[in-house]
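Numbering (full-length UniProt numbering), first residue to last: 1 to 555. Report on the structure given below.
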């Protein structure tokens with residue numbers, strides 16, 4: 001526990017920051033952990049925290065995808081002993097605008113660094129930070145502003161824009177020993193800056209170990225990058241070791257064209273992603289006239305998605321489903337991707353890219369394992385969980401084996417898992433599908449059809465498929481009113497399902513009126529924002545309480 005006399009003078013500073021910015025945290029460094037010592041009232045509201053988290057480290061307060069990101073920022077401030085400024089979003093459902101998150105190390109009189117004050121400046125967007133605090137280079141936002149001005153200037157000479165990514169650092173005397181990233185990016189910035197053509201050029205740090213520059217293409221950009229990569233690869237000393245850096249570089253060219261600054265940046269970035277597919281120092285040029293199969297945007301999303309799996313950027317959210325009869329609450333597992341570069345990636349976008357590329361198989365099995373892990377640790381809270389499977393996973397010959405293996409590994413009963421199949425993933429080979437689903441049910445797993453009613457074959461599925469449940473698509477629920485067409489359709493579905501012994505869940509329930517109509521029609525389960533939004537496990541208890549509260553009002 002922090003010494004009380006030590007904290008008091010720091011709290012005076014904290015209170016001053018709170019008056020100015022509202023959203024303020026006081027953190028204490030303990031080894032590799034960062035402990036919450038104070039959370040302002042506004043911060044509690046914005047970040048959905050309370051006093052229970054005082055004294056807890058970041059890794060306890062937030063799930064992996066957030067805690068790893070925050071801890072890295074605090075570590076950067078600790079190692080550099082300088083403020084860290086980053087554009088961020090806190091609680092995306094409450095704040096739409098991007099704010100500046102500032103982490104300020106508090107260096108005490110004895111030169112000890114133990115505390116950090118972090119605050120969110122929502123009065124100033126990231127454009128207010130014109131200087132990168134680690135390298136002293138212009139900020140990315142200032143760079144884009146200058147690039148925009150440059151592209152509005154009439155000229156027959158195009159500009160070359162280069163996007164740099166530090167691929168790896170190799171310690172020549174100690175294998176792959178990790179080196180302070182602040183040292184690496186400072187050295188990388190220095191080498192690029194010293195080599196950059198002096199005429200009409202700009203260099204900025206984008207984020208982490210990524211840099212971007214532009215200059216007049218009267219210079220041979222490709223030859224310059226190759227020469228620069230050789231210079232970057234020259235070993236430099238860090239303590240008793242020597243480090244070698246390698247880079248992946250993407251280049252794009254652009255002539256005078258107003259409002260094209262983000263286009264040319266994206267082109268260079270996409271070319272860099274292509275370069276990353278190779279080893280060592282690599283270089284790719286974006287060719288605007290050759291946007292063939294390998295240059296599709298989906299490929300870049302897939303590449304980022306593969307890294308997201310490795311970097312723990314994927315997280316399972318849980319949305320409550322309430323039994324109308326008993327009030328029992330179980331959950332649907334929903335995948336979210338919080339990319340360190342792209343922010344919150346729309347689920348439909350990355351799932352479509354994952355399905356097309358085949359990465360979805362790895363993602364589905366990862367979700368299975370993660371859900372089983374949560375069920376083993378929190379069975380009483382989660383009860384049982386439904387998960388969605390893609391067509392690729394459904395076709396996998398070892399699906400049943402891997403599902404049973406995950407259950408065995410974590411010691412859970414297969415009946416605690418419900419497999420959801422969306423109608424668009426159902427196989428054309430009806431015989432094969434029936435056999436697969438029967439095997440799953442015989443092993444103890446429950447089977448449900450998601451998004452029911454959205455395709456012409458919906459009722460045929462009920463006739464032939466061995467399923468336990470159907471989930472009425474939210475499209476029928478969102479406009480549900482008494483005596484409406486939706487009301488009659490849903491009533492018919494419920495009556496048919498009851499006769500053939502299949503349970504029904506209504507998705508997308510957002511209003512009390514919708515819930516009351518569904519209850520009156522004898523719907524078995526309700527799911528939707530009225531009962532709780534999808535949330536990471538850390539907030540499941542709050543979702544549970546909301547679901548039970550709304551259910552009790554329907555009695």
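Positions of the beta carbon are idealized from the N, C-alpha and C atoms, including for glycine.
Of all C-beta pairs linking the segment 521-535 to the segment 351-365, fewer than three are shorter than 8 Å, placing the two stretches out of contact. In its chain, beyond the 5 residues on either side, 163, 165, 248 and 250 have a beta carbon closer than 6 Å to the beta carbon of residue 272. With a threshold of 16 other beta carbon atoms within 10 Å, residue 500 falls short and is exposed. Between residue 329 and residue 383, the beta carbon gap of about 7 Å places them in contact (Cβ cut-off 8 Å). Apart from the 5 residues on each side of it in sequence, residue 30 sits with its Cβ closer than 8 Å to the Cβ of 57 in its chain, given in chain order.
Straight across, the Cα-Cα distance linking residue 19 with residue 240 is about 46 Å. For the beta strand (DSSP E) assignment, the uninterrupted runs of no fewer than 3 residues enclosed by the UniProt domain "GGDEF" (157-288) are, from N- to C-terminal side, 159-171, 202-207, 210-216, 236-238, 241-254 and 282-285. Residue environment analysis places residue 159 among the buried positions, since at least 16 neighbouring C-beta atoms fall within 10 angstroms of its C-beta. At a Cβ-Cβ threshold of 8 Å, residue 204 and residue 140 count as neighbours. Here residue 439 is exposed: its Cβ has fewer than 16 other Cβ atoms, across all protein chains shown, within 10 Å. In the three-state scheme derived from DSSP, where H, G and I count as helix and E and B as strand, residue 62 is classed as coil.
Here residue 330 is bridged, per DSSP, to 321. Each residue's CA atom was taken as its position, placing residue 513 and residue 553 some 12 Å apart.
Residue environment: residue 194 is assigned as exposed (fewer than 16 neighbouring CB atoms within 10 Å of its CB, all protein chains considered). Non-local C-beta neighbours of residue 11 in its own chain, meaning closer than 8 Å and more than five positions away in sequence, comprise 26 and 38, ordered along the chain. Secondary structure at residue 481: coil, using DSSP grouped into helix, strand and coil. For residue 431, the secondary structure class from DSSP, reduced to helix, strand or coil, is helix. In this structure, residue 317 lies near residue 534, with their beta-carbon atoms less than 8 Å apart. Per DSSP, residue 81 lies in no beta strand (DSSP E) and is assigned neither H nor E.
Between residue 446 and residue 419, the beta carbon gap of about 7 Å places them in contact (Cβ cut-off 8 Å). In the structure shown, residue 12 falls within a helical segment according to DSSP collapsed to helix, strand and coil. In the DSSP assignment, residue 376 falls outside any beta strand (DSSP E) and lies within the alpha helix (DSSP H) extending over 359-377. Remark: C-beta atoms of residue 467 and residue 448 approach each other more closely than 8 Å.
Classified as buried, residue 320 has 16 or more neighbouring CB atoms from the shown chains inside 10 Å of its CB. Within the DSSP secondary-structure output, residue 27 pairs in a beta bridge with 36 and 116. Per DSSP, the beta bridge partners of residue 389 are 421. Distances from the alpha-carbon of residue 115 to those of 308, 148, 54 and 78 put 78 closest. By the C-beta density criterion, residue 525 is buried, having at least 16 other C-beta atoms within 10 angstroms. Excluding residues up to 5 positions away in sequence, 165, 167, 248, 282 and 303 lie with their Cβ nearer than 8 Å to the Cβ of residue 276 in the same chain. The C-alpha of residue 209 is placed about 11 Å away from the C-alpha of residue 187.
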